């Protein structure tokens, strides 16, 4: 599964704000879009904002002033925030907002993928075939063993490093409670298999990538992102938490507005070009959107991006959709053949995650809403 799309001439690229239009003016059925929101409000009350970009124009937005979250999830978040504050540990990985910005959760990973591509384009990193330890600070070389010696950047990008999951449970607790050197903690864990052998979803991979970007470029990952990605896209207001050694979180906790989130999808829709400037090479976009692993529910996994053929439930036609996804309903969807980008932000529940409802909306409402 691969995505190829020719660049389309654009009347404009958004700077601070998206230009607005209407669904009907851009060839979409406003009634079906309204039906989509009614469906979301019925089955996924946690959503906060849902926006649709068509042909480069913001044509639809729904904001939920009272997003739902069960009391037990709120309690868990409050406890975690208190513990990290008392122990003075870096970051609160479960908080939903920083000021008026939203925690992108694992959408952070897809943005890291773009940053790796930029680092390769600019010569800070030579190739995805290079060994990870060639770009990590030398003080971590003592963790090289027979297995980790073969750990390459491509393994981190495809979740095939062999590193265990750090997404929850005892391992996640140990990470949070360690001395703040998350890279050391990750590298000290034994691999579960040889690099390249098995898909294991783990934020350990992407945290190593932020350390690699920082060490290779001489800039913090957020400064690198601001210079080469965010500033060119007019994204001025971001916040990105970091571990005790100053490495920005690799798995989550990049905070951004929903409108700027849509710009990330729009950059990919335009093959890495923004206002006639190449931000990241088309070659990297194409590499990122190849399938390196066939996952569940028809999803494929690229370089930290998801790919899926979605069926229009009205006509039966299929369209390739690629997406970035964060737990609890943080989403970017790109439908290249229809010139559509969707961004969603939500209040994450730590107890029950119904955000799959946002995926359902694509085939049930978004695809059928397009007029031909």
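In this note's numbering, the protein residues as written are 2 to 373. Where is the CB? At the ideal position from N, CA and C, for every residue including glycine. Since the model is a prediction, treat every value here as computed from it, not as a measurement.
Inter-residue spacing [alpha-carbon to alpha-carbon] between residue i and residue j
| i | j | result |
| --- | --- | --- |
| residue 84 | residue 70 | 21 Å |
| residue 246 | residue 105 | 22 Å |
| residue 15 | residue 234 | 8 Å |
| residue 31 | residue 160 | 39 Å |
| residue 179 | residue 35 | 47 Å |
| residue 203 | residue 242 | 18 Å |
| residue 144 | residue 236 | 37 Å |
| residue 223 | residue 207 | 14 Å |
| residue 372 | residue 21 | 19 Å |
| residue 19 | residue 257 | 15 Å |
| residue 288 | residue 355 | 31 Å |
| residue 281 | residue 219 | 19 Å |
| residue 116 | residue 123 | 10 Å |
| residue 141 | residue 187 | 11 Å |
| residue 72 | residue 63 | 24 Å |
| residue 119 | residue 11 | 23 Å |
| residue 37 | residue 49 | 14 Å |
| residue 173 | residue 276 | 41 Å |
Residue range of the alpha helix (DSSP H) that includes residue i
| i | result |
| --- | --- |
| residue 185 | 183-189 |
| residue 118 | 108-122 |
| residue 13 | Careful: residue 13 lies outside any alpha helix (DSSP H) and carries neither H nor E. |
| residue 264 | 259-270 |
| residue 49 | Where residue 49 is concerned, there is no enclosing alpha helix (DSSP H), although the beta strand (DSSP E) it sits in stretches over 48-55. |
| residue 214 | 204-218 |
| residue 154 | 154-158 |
Best match in the options for proximity to residue i [C-alpha to C-alpha]
| i | options | result |
| --- | --- | --- |
| residue 339 | 250, 39 and 53 | 53 |
| residue 111 | 219, 157 and 55 | 157 |
| residue 198 | 162, 206 and 223 | 162 |
| residue 146 | 190, 22, 45 and 307 | 190 |
| residue 360 | 11, 12, 13 and 51 | 51 |
| residue 353 | 125, 24 and 44 | 44 |
| residue 298 | 270, 269, 357 and 304 | 357 |
| residue 217 | 252, 128 and 264 | 128 |
| residue 209 | 49, 122, 87 and 135 | 135 |
Residue i, enclosing beta strand (DSSP E) - first and last residue
| i | result |
| --- | --- |
| residue 331 | 331-336 |
| residue 311 | 307-312 |
| residue 225 | Note, residue 225: premise wrong, no beta strand (DSSP E); alpha helix (DSSP H) at 222-226. |
| residue 286 | Not the beta strand (DSSP E): residue 286 falls in the alpha helix (DSSP H), residues 283-289. |
| residue 249 | Segment: none, residue 249 is in no beta strand (DSSP E) and carries neither H nor E. |
| residue 1 | Since the first residue shown for the chain is 2 and the last is 373, residue 1 is missing from the structure and cannot be characterised. |
| residue 360 | Unbroken run through residue 360 is the alpha helix (DSSP H), 357-362; no beta strand (DSSP E). |
| residue 144 | Looking at the DSSP string, residue 144 is not in any beta strand (DSSP E), and its letter there is neither H nor E. |
| residue 60 | 58-64 |
| residue 104 | 102-104 |
| residue 324 | 319-327 |
| residue 343 | 341-347 |
Contact under 8 Å by Cβ, residue i with residue j
| i | j | result |
| --- | --- | --- |
| residue 322 | residue 333 | no |
| residue 238 | residue 221 | no |
| residue 286 | residue 266 | no |
| residue 350 | residue 327 | no |
| residue 262 | residue 133 | no |
| residue 103 | residue 227 | no |
| residue 205 | residue 167 | yes |
| residue 244 | residue 169 | no |
| residue 27 | residue 9 | no |
| residue 369 | residue 319 | no |
| residue 290 | residue 342 | no |
| residue 109 | residue 252 | yes |
| residue 213 | residue 137 | yes |
| residue 68 | residue 98 | no |
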